[in-house]
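So the protein lines, in turn, are chains A and B.
Just so you know, we're using my numbering here: the first sequence kicks off at 1 and counts up by one.
Just so you know, we're using my numbering here: the second sequence kicks off at 359 and counts up by one.
For reference, the structure discussed in these notes is given below.
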Amino acid sequence: MNGLEADRPGRFSDGRSAAARKVVVRVLATGLEIRGSDGFLIAVWKAGDLLADGDWPEKRGVRLRCASEPDARLAVEDAYVIREVLPQPAKPPSRRRLALVLGCLLGAGMLAGLMLALAPVSKLLAHLVPAGLERQWGESIAGGLAGQMKACDGRDGMRVLDALARRLAEPLPADRRHVNIHVLQSRDVNALALPGGEIILFSGLIAKAEGPDELAGVLAHELTHIGERHVTAAMIRALGVGVLATMITGDASGLVAGGVGAVLAGTYSREDESAADSGALALLEMAGIGSDGLARFFRRLETMEGRPGQVLAWLGTHPEAGRRAAAVEARRGAAPRLPALSEADWLAVKRVCSKPKP
Amino acid sequence: MSEVTAPQRPFAHSGGTGGMIRLALVNLLLSILTLSLYRFWGKTRVRRLLWGGTTAWSDPVEYTGTGKELFTGFLIVLFLIYLPLAAGFGWAQVLVTTGNPLGGLAISLLYLLTVLLVAVGLYRARRYQMSRTRWRGIRGGQTGSGWGYALRSLAVWLAVPLSLGWAWPWGEMWLARYRFGNTTFGDRPLRCDATASGLYGRFALVWISGLVFTAAAVILVGAMEMAVEQEEYGEAVAGMVFTLLLLLVAAVTLVLPWAWYRAGFYRNLAAGIEFEGSRFSADTGAWRLMRLVAGNLLLTLFSLGILRPWASLRTFRYACAVIGVEGEPDFAAVHRSDDSGPKTGEGLAAVFDGAGEF
Chain A
1 MNGLEADRPG RFSDGRSAAA RKVVVRVLAT GLEIRGSDGF LIAVWKAGDL LADGDWPEKR
61 GVRLRCASEP DARLAVEDAY VIREVLPQPA KPPSRRRLAL VLGCLLGAGM LAGLMLALAP
121 VSKLLAHLVP AGLERQWGES IAGGLAGQMK ACDGRDGMRV LDALARRLAE PLPADRRHVN
181 IHVLQSRDVN ALALPGGEII LFSGLIAKAE GPDELAGVLA HELTHIGERH VTAAMIRALG
241 VGVLATMITG DASGLVAGGV GAVLAGTYSR EDESAADSGA LALLEMAGIG SDGLARFFRR
301 LETMEGRPGQ VLAWLGTHPE AGRRAAAVEA RRGAAPRLPA LSEADWLAVK RVCSKPKP
Chain B
359 MSEVTAPQRP FAHSGGTGGM IRLALVNLLL SILTLSLYRF WGKTRVRRLL WGGTTAWSDP
419 VEYTGTGKEL FTGFLIVLFL IYLPLAAGFG WAQVLVTTGN PLGGLAISLL YLLTVLLVAV
479 GLYRARRYQM SRTRWRGIRG GQTGSGWGYA LRSLAVWLAV PLSLGWAWPW GEMWLARYRF
539 GNTTFGDRPL RCDATASGLY GRFALVWISG LVFTAAAVIL VGAMEMAVEQ EEYGEAVAGM
599 VFTLLLLLVA AVTLVLPWAW YRAGFYRNLA AGIEFEGSRF SADTGAWRLM RLVAGNLLLT
659 LFSLGILRPW ASLRTFRYAC AVIGVEGEPD FAAVHRSDDS GPKTGEGLAA VFDGAGEF
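Next up, the structure:
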């Protein structure tokens, strides 16, 4: 005997039934001969086909498989002899590592591509939403808000505001030109554009505005949101971010999607705000009002933001007011040719929320 | 009754905690690098360790699933089911905001469909896992239909509230019977005739302690409000004391009876399962079961889910320690089955919930 040849006890399952039988394994240089305890030959496994299948700790043995009989299992006791003939499990680690690196790069690239594509694609989709549907939707939201807060209905003031909006909206595309203005009782210094053509002005904003040019600037800003369908695009974007985040992380609870959505929404909406600011400049220019009022309003916002405890809805999703003011001032156009509103009209707007005199 | 064989404990688990924690951390790292796409391969490696550490009648169990199968299953479900469903929900939402009465109906129908799909997904995940489980070279399997299971689950969900909870033991056992009665090993099925008889005593305690808990919570709320009104304590202190007391009451009145009921449930279930003439048993005790579940919960919560593989390992160890089998089934009569199981892995479950390691 040359040391390699040896008989070892073992256990064998042939892969056809779930029985395990005691066998004697003869280790040859060419492979293994597996015999029943009665000496009857059951199988011959060639050395080249042998696959390591882990340890058999309690019998100090090994477990083996055979490439030509993939369902069969063999465990051999005291198998130090077999360890030597076994082919070392040759794993190609470099290939797996390469796949992993590629996977990482692919993931990062995909994410970057999706983030870049999201804004333009949602803008495109927003323009495909039927205008009627969008308008209906905006009206129902406006109705809900008016139900929660008290609506102001000073008749003269509303008429003036409508006229001012119509004058500013002149250059917008024909189907976006028709807007409804709502003034709601709230101390927030804020205005909202809703889908379709609804603009909400909070009474706090009217109270804080120190001249008709300032109010005209804010209106022009909201009109640009409406003209470019920013709100609808933002909704589509939020949906897209949610779906993507869920897709990538596999977290259907919405926790990840919500977090990612909130962070991205801020970034995108600041872009929208800057776009609306420059759109507002164009509208003001064409209406002959000029941009000084808007710049002054942002300057006032800036000092208010600086004051601690002053909670402003303009924060967070909007760029810093000081920077917006600077951007508006930098693009200061021709001097105003026309006043935004006459003195009498401006007084009517200021009184839009006060109780009509009996 | 001539030969009464005492139940043996044929299952053992040799997996080490250290190795599992290491794997969990490596998986975390790779998941972060690949934007979590690695999770399919990571989960597969965890399962290999869980399955591979298990021995039955001193032969090891194998897990043969691959990360690629899980990934393709995920992609298929993502595009064929998840995205259409998300679009459907978005559309229904639009209907609701525009005040269309069909919107509410569409949302409830979609919600029902989603819940059913989750149940289908869980059943199919089980089918995938069984078909990727081998022992002595023979595959497990799962017959029955996912939709059949989902509709049965729906019936249980409807019956439980209608019966004020009393249908729960019956319903839970009915579903378990369907799962296990349709489980196969090789060409032989498991038989499951487990019933809820004998469980209702334990369940009555759970039910009554639920009432006690509700009453205790109401009294506590009243006491807290009084304490705050009389300004004996600040609101924050009272809130904290209240929460702590409520947790304590919940532990005594809810968790302990529930653990006692669960232990009985598993005992009944195991005793109702039979394979090739051998009956199973499970020596589950309320105290140990509670320690297992509470420990797993804490592990998962405090590691933000990262150490969930460790929790799974504890579950495997516990199951191996308590499951007994009367005698040894006639494994020579069990042959391999021709059904090789689904081609792709558990997409539905992977999309709709974290599903854990099994």
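The C-beta atom is built at its ideal place from N, Cα and C for all residues, glycine as well.
Beta-carbon to beta-carbon, ALA75 of chain A and ARG63 of chain A are separated by about 5 Å, close enough to satisfy the 8 Å threshold. Separation of the CB atoms of PHE623 of chain B and ILE631 of chain B is rounded to 13 Å, and the pair is thereby denied contact status at 8 Å.
Counting only the Cα atoms, ALA596 of chain B lies some 7 Å from VAL586 of chain B.
Within the stretch 409 to 447 of chain B, the runs of beta strand (DSSP E) that reach at least 3 residues and sit entirely inside it are, in chain order, 412 to 414 and 417 to 421. Taking the CA atoms as reference points, GLY373 of chain B sits about 19 Å from GLY423 of chain B. No residue range can be given for TRP524 of chain B, since it is assigned to no alpha helix (DSSP H) and is classified by DSSP as neither H nor E. Setting aside the 5 residues that flank it on each side, ALA477 of chain B is surrounded in the same chain by TYR507, ALA508 and SER511, each with a C-beta closer than 7 Å to its C-beta; the list follows chain order. In the DSSP assignment, the residues bridged to TRP45 of chain A are A:LEU32.
ALA594 of chain B has its alpha-carbon roughly 49 Å from the corresponding atom of ARG535 of chain B. Within the same chain, VAL680 and GLY682 come within 7 Å of ASP641 of chain B by CB-CB distance, once the 5 residues on both sides are set aside. For VAL25 of chain A, the secondary structure class from DSSP, reduced to helix, strand or coil, is strand. Residue burial is scored here from C-beta neighbours: TRP645 of chain B has fewer than 16 other C-beta atoms within 10 angstroms and is therefore classed as exposed. In summary, the residues of the stretch 41 to 59 of chain A whose CB is separated from some CB of chain B by less than 8 Å are GLY54, PRO57 and GLU58, in the order they occur in the chain. Under the Cβ criterion of 8 Å, ASP78 of chain A is not counted among the residues facing chain B. The beta carbon of ALA325 of chain A lies closer than 7 Å to those of ALA295, PHE298, ARG299 and GLU302 in the same chain, with the five residues before and after it left out. Taking C-beta separations shorter than 7 Å and ignoring five residues to either side along the sequence, the partners of PRO667 of chain B in its chain run MET378, LEU381, ALA382, VAL404 and GLU715, following chain order. Boundaries of the alpha helix (DSSP H) harbouring THR375 of chain B: 375 to 391, taken from the DSSP string. Remark: fewer than three beta-carbon pairs, one from each stretch, lie closer than 8 Å, so the stretch 447 to 465 of chain B and the stretch 485 to 496 of chain B are not flagged as touching. Taken through DSSP and simplified to helix, strand or coil, PRO57 of chain A comes out as helix.
Listed along chain B is no residue with a C-beta nearer than 7 Å to that of ASP38 of chain A; the closest approach is about 16 Å. Look at the beta carbons and you see the stretch 121 to 133 of chain A touching the stretch 225 to 244 of chain A: at least three pairs across the two are nearer than 8 Å. Taking a contact as a CB-CB distance under 8 Å, the pair ARG332 of chain A and SER291 of chain A counts as one, their CB atoms being some 6 Å apart.
Annotation for PRO9 of chain A: no alpha helix (DSSP H) segment contains it, though the beta strand (DSSP E) segment containing it runs 6 to 13.
Counting C-beta pairs closer than 8 Å gives fewer than three between the stretch 687 to 699 of chain B and the stretch 429 to 438 of chain B, which falls short of the contact rule. Nearest to THR541 of chain B by C-alpha distance, out of B:VAL570, B:GLN487 and B:THR553, is B:GLN487.
Counting every other CB atom within 10 Å of its CB across the protein chains shown gives GLU343 of chain A a total below 16, marking it as exposed. The C-beta distance from ALA216 of chain A to LEU281 of chain A rounds to 12 Å, too long to meet the 8 Å contact threshold. Taking a C-beta cut-off of 8 Å against chain A, the contacting residues of the stretch 476 to 508 of chain B are TRP493, ARG494, GLY495 and ILE496, listed in chain order. Beta-bridge pairing by DSSP links PHE202 of chain A to A:LEU184. By the Cβ-count criterion, HIS127 of chain A is exposed, with fewer than 16 other Cβ atoms from all chains shown falling within 10 Å of its own Cβ. Around the CB of LEU105 of chain A, fewer than 16 other CB atoms lie within 10 Å, so the residue is classed as exposed.
Within chain A, the residues placing a beta-carbon under 8 Å from that of PHE689 of chain B are SER17, ALA18, ALA19 and ALA20, ordered along the chain.
Residues of the same chain with their beta carbon placed closer than 6 Å to that of GLU228 of chain A are lacking, with the five preceding and five following residues left out of the count.
Here GLU69 of chain A is near ALA43 of chain A, since their CB atoms are less than 8 Å apart. Chain-ordered, the chain A residues with CB closer than 8 Å to the CB of THR392 of chain B read LEU100, GLY103, CYS104 and GLY107.
Secondary structure of GLY144 of chain A (DSSP, three-state): helix.
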